[in-house]
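Residue numbers (this note's numbering): 1 to 79.
Backbone N, C-alpha and C fix where the C-beta goes; we use that ideal spot for every residue, glycine too.
Please read these numbers as outputs of a predicted model, since none were measured by experiment.
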Amino acid sequence: MAEAEIGDYVVEARALYVADKKKWQPVLHITRWRGGPETPVSQDFTQLPAFARTETDAIQYGLTRGRAMVEGAVIGLTI
1 MAEAEIGDYV VEARALYVAD KKKWQPVLHI TRWRGGPETP VSQDFTQLPA FARTETDAIQ
61 YGLTRGRAMV EGAVIGLTI
């Protein structure tokens, strides 16, 4: 798992092995802190369409995608 703090957001990326495809799929968890650390709002992205040969590559893709979502370059973040 890898984590990055971007402004009010924390992006966490991990990867799950998909046995039938024999590849790794990235999984994102993005948290936004509204009004302070006691009131976080989160969203999970478990079905990203990308697959990678290695766990490391899948995690890196997840972090890159998460950064793009937080910075507004990718539509899909609703928190």
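Pull up the CB-CB distance for V10 and T31, whole angstroms please, since I reckon it's below 8 Å. 5 Å
So, helix, strand or coil for A58, using DSSP? helix
Mapping the DSSP letters down to three states, classify L70 as helix, strand or coil. First, the residue type needs correcting, since residue 70 is Val and not Leu in the sequence shown. The answer is helix: DSSP assigns V70 an H, G or I state.
Start and end residues, beta strand (DSSP E) containing T31: 23 to 33
Can you tell me where the beta strand (DSSP E) with A2 in it begins and where it stops? 2 to 6
Pop quiz: V18 and F45 are said to be a contact at Cβ under 8 Å. What is the actual Cβ separation, rounded to whole angstroms? With 8 Å as the limit, V18 and F45 do not qualify as a contact, their Cβ atoms being about 15 Å apart.
Excluding the 5 residues preceding and the 5 following Q25 in the sequence, name in chain order all residues of the same chain whose CB lies nearer than 7 Å to its CB. A15, L16, V18, L48, F51, A58
What first and last residue would you give for the beta strand (DSSP E) that runs through F45? 40 to 45
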